[in-house]
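The structure appears right after this line, and notes come after that.
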Amino acid sequence: NFVVNIKLIVASFKTAVSLGVLHTLAAATTADGRALTTFPVYYSSKKGDATQRQLREGDLVGRCRLSKCTAKTAAAWRLKCEIRCRIPQKEAMDAEYMPSVWGVRLRGDELILDYCQKAMDNSTITRQELPCELGLRYGPHPRETMDVYGYGRVPENAPILVFFHGGYWIEGDKDMHAFVAKPFVESGLAVVVAGYPLAPESTLDQIVESARHCMTCVIKMSKQKNSAGIIVSGHSAGAHLAAMVLSSQSWTSRSENLACIKGAVLFSSVLDVKPLLSTSVAKDAAITMNQAEINSPLEVVNLFPRDVFVQLVLAEHDPPPFHRQTKRYMEALQDRGIKCELVVYNDEDHFSFFPRLMDKEDEVTSQIIKNVLRETGTA
């Protein structure tokens, strides 16, 4: 099933656009000459035009007044670009929000498959090297399970980092993200890698509620172990879930919940769901306007607890909307007097930064760990 799901992800990047639309798939090569698999580019259909050539996303496009060939500019200028650099708005939005379009070394399906293979391989090694308890159930849904790493190597009262995986709420699982535990366990934390129900079988409301229920169970465990505190984290859609867990008045109003939470680490976060309504993501995940509004961290930032530190993390080549949303979220948190910090993995994309995250000596990773240990009083 996992292989089938990956193939479905890949297929979504190979959708041909009809009606003379100028959204195509072009071959390219890596720096060492290896063939790259296809990815979207934008060009003019005017016969003999200088832009009628193979392009990488971001390449200069000859006489086109857009200056650079990007999904965003193609969408903005699609009706007035003099050389008809047009693309349907939905496909342009899809490209802007699809991390694989913005890969720094690989792109498209090659980037996704490369990430998935490395994630699975590194997770297998992590399960072999770290003490772990797998498949602990926190709810009735088959995916409502979590894996716990570190106990036996870290103290019983060690701080706990909880990690929610990404996948735009429709893909991914906890099993292929065990590798995230490595740098944190090596630094003295226990790590919980959580699974959760996926869309469209489950609604976004239900997925967020599942994440909150998971955190309630982790809090119970932390009390039993007299833990130094909990850090809530996630990547991409998982970072969205982490932020939403901490933006629920009914959940954070319980003093026993809030007292345990010391911080959040949000990697490459989806912080505004509403723009996704114009993309295929909303269709695939069956997200409604109402769900997007009430489940956007930027819409409920006023509910975020003031005394929880927020570590925001970006890759330099994350999709532009991720950068914009993170900046807005940081400003909103600061306006509420919430302590936060942004760090960036330079020269990395949405997927390629993970090997550096696994290295606790990496400059950015070590800063994240330093902040986590400080907030839990274990520095």
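Under our numbering, the first residue of the sequence shown carries the number 209, and numbering increases by one thereafter.
Cβ coordinates follow ideal geometry from the N, Cα and C atoms, glycine included.
Note that the structure is predicted; figures quoted are calculated from it, not measured.
Query	Result
For GLU341, list the residues DSSP reports as bridge partners.	VAL356
With respect to the alpha helix (DSSP H) encompassing GLY403, which residues constitute its N-terminal and C-terminal limits?	No alpha helix (DSSP H) contains GLY403, which DSSP labels as neither H nor E.
Just checking, does the region 411-419 make contact with the region 464-476 on the three C-beta pairs under 8 Å criterion?	no
Closest to LEU344 by C-alpha separation, out of VAL426, ILE415, PHE387, ILE378, would be which residue?	VAL426
Can you tell which of VAL516, VAL309, ARG536, GLN414 has the C-alpha that lies nearest to the C-alpha of PRO348?	GLN414
Spell out whether any CB of chain D is found under 8 Å from the CB atom of SER308.	Among the protein chains of the structure shown there is no chain D, as only one such chain exists.
I need the straight-line Cα distance from ARG582 to PRO483, nearest angstrom please.	35 Å
With a Cβ-Cβ cutoff of 8 Å, do VAL440 and MET423 count as a contact?	yes
GLU549 bridges to which residues according to DSSP?	GLN519
Can you tell me whether DSSP reads ILE495 as helix, strand or coil?	coil
In its own chain, which residues sit with a C-beta less than 6 Å from the C-beta of GLY390, not counting the 5 before and 5 after it?	According to the sequence shown, residue 390 is Lys rather than Gly. The answer, listed in chain order, is THR334, MET566.
Taking its Cβ as the centre, do 16 or more other Cβ atoms sit within 10 Å of ALA450, making it buried, or is it exposed?	buried
Considering only C-alpha positions, which residue in the set SER488, ARG313, VAL370, MET538 is nearest to VAL518?	MET538
If you pair each beta-carbon of the region 302-321 with each one of the region 354-372, do three or more pairs fall below 8 Å?	no
Under 6 Å Cβ to Cβ from GLU464, same chain only, skipping five residues before and after it: list those, please.	none
Ordered along the chain, which non-local residues of its own chain (more than five positions away) have a Cβ less than 6 Å from that of TYR376?	ALA445, VAL489
Quick one, which of THR496, VAL481, ASN503, TYR553 has its alpha-carbon nearest PRO529's?	VAL481
Can you tell me which residues form a DSSP beta bridge with ASP557?	HIS525
Under the assumption that VAL551 contacts ILE577 (Cβ atoms under 8 Å), give the Cβ distance between them as a whole number of angstroms.	That belief does not hold up - the Cβ atoms of VAL551 and ILE577 are roughly 11 Å apart, past 8 Å.
Express the C-alpha separation of LEU511 and GLN457 in angstroms, rounding to a whole number.	6 Å
Quick check on this structure: which residue in GLY442, GLU507, ASP555 has the alpha carbon closest to the alpha carbon of ALA644?	Nothing can be reported for residue 644, as the shown portion of the chain is limited to 209 through 587.
So, is GLN533 buried or exposed, given that buried needs 16 or more other C-beta atoms within 10 angstroms?	buried
Using alpha carbons as the reference points, say which of VAL453, PRO563, HIS448, ASN579 lies closest to PRO513.	VAL453
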